[in-house]
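Q: Attaching a single structure in structure tokens format; questions to follow.
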Amino acid sequence: MLATITNIDSKRRESSLTLSWAVEQLYKTLDGGPLRKAQVVRLMLAWGNYGYAAGASYLCQIVQCAQSPEYKRYLECGTGVSTILLGVIARHCGGHLTSLEQNQHWAEHMRRVVSNLGLTQWVDVRYCPVVERSGDYDWYCVDVSELSDIDLVICDGPTSQTRGGRIGCLYELNHTLNAGATILLDDTHRKDEQAAIAQWSQTRPISTQTFSGLWSKHSKVTIRS
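Residue numbers (my numbering): 5 to 229.
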């Protein structure tokens, strides 16, 4: 048993060191210019969590937006490798990230990761269970009055089993989004996400671009003034 525990602890330390090294490489790259796909893929490999982590194409779209000077306040629905990526960019560029996570244990894990990487000042991970809303959907239990002037939303949650899918994103955050704000919606190859965009277009003027990754699609939804 002791040998098993020792092996597990050793693997955790090795994983943590690998992740820290990948993050250091991000900072070195940012000091000389924008992040590239190679650095994003390196971070993905260090992070692991295959099957749940966001894809490279989606993460690269996040990087492209987050590094733009017009985006300073980020809101993330669902946490993971994108949290680390956005946290590093926020620290380097003077931004701030608020991350909503519906799973309490995972939220606690992400807080530890953020702390270990020295990103606490720039990343606020909140445990927000998904609850029933007045419409035909469920959404994170979060006080939206605490959120304001959001420029960029990373919408990779709640999970696909959620009633209404991710349609609540714009409905719940409508008054917190600046004109010109962008929602990066993952998994838009799925019908629920396509329906969400169609209904959002009836709420606020938007423009949409859809991109194809290796296994899925994601869309850049921009709030027009």
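For glycine and all other residues, C-beta sits at the position ideal for the given N, C-alpha and C.
When the Cα of S205 is compared with those of W25, I171 and S119, which residue comes out closest?
A: Of the candidates W25, I171 and S119, the one whose C-alpha sits nearest the C-alpha of S205 is I171.
Q: By DSSP's criteria, H222 is part of a beta bridge. Which residues make up the other side?
A: D190 and F215, per the DSSP bridge assignment.
Q: Just to confirm, is the Cβ distance from S211 to A183 under 9 Å?
A: Cβ atoms of S211 and A183: not closer than 9 Å.
Q: Taking V129 as the reference, give the member of L177, Q165, Y31 and V146 with the closest Cα.
A: V129 has its Cα closest to that of V146, out of L177, Q165, Y31 and V146.
Q: Are the stretch 151 to 165 and the stretch 32 to 47 touching by the rule of at least three beta carbon pairs closer than 8 Å?
A: Too few Cβ pairs lie closer than 8 Å, so no.
Q: Assign Q108 to buried or exposed, taking buried as 16 or more other Cβ atoms, counted over all protein chains shown, within 10 Å of its Cβ.
A: The residue in question, Q108, is exposed, as its Cβ has fewer than 16 Cβ neighbours within 10 Å.
Q: Per DSSP, D128 is paired with what?
A: Paired residue(s): T102.
Q: Nearest-angstrom Cα distance between V225 and V67?
A: Roughly 15 Å between the two C-alpha positions.
Q: Do you know how far the Cα of E74 is from the Cα of R17?
A: Residue confidence for R17 is low, a pLDDT of 40 falling below 50, so the modelled location carries little weight and cannot support an answer.
Q: Using a Cβ-Cβ cutoff of less than 7 Å, which residues in the same chain neighbour Q43 once the five nearest sequence positions on both sides are dropped?
A: So the qualifying residues of the chain are Q29, L30 and T33.
Q: How is the beta strand (DSSP E) around H135 delimited, first residue to last?
A: It should be pointed out that residue 135 corresponds to Val in this sequence rather than to His. Looking at the DSSP string, the run of the beta strand (DSSP E) that includes V135 is V134 to E136.
Q: Quick one: what's got a C-beta closer than 7 Å to T124's C-beta in the same chain, skipping five residues either side?
A: Excluding residues within five positions, the ones whose Cβ falls inside 7 Å are V118.
Q: Measuring only the C-alpha atoms, how far is S72 from K195?
A: Their backbone Cα atoms lie some 30 Å apart in a straight line.
Q: Considering only DSSP beta bridges, list what C81 is partnered with.
A: Answer is L104 and C159, bridged to C81.
Q: First and last residue of the alpha helix (DSSP H) that includes D142?
A: Note, D142: premise wrong, no alpha helix (DSSP H); beta strand (DSSP E) at D142 to Y144.
Q: How do the stretch 148 to 159 and the stretch 173 to 180 stand: do at least 3 beta-carbon pairs fall below 8 Å, yes or no?
A: Counting Cβ pairs under 8 Å, three or more are found: they touch.
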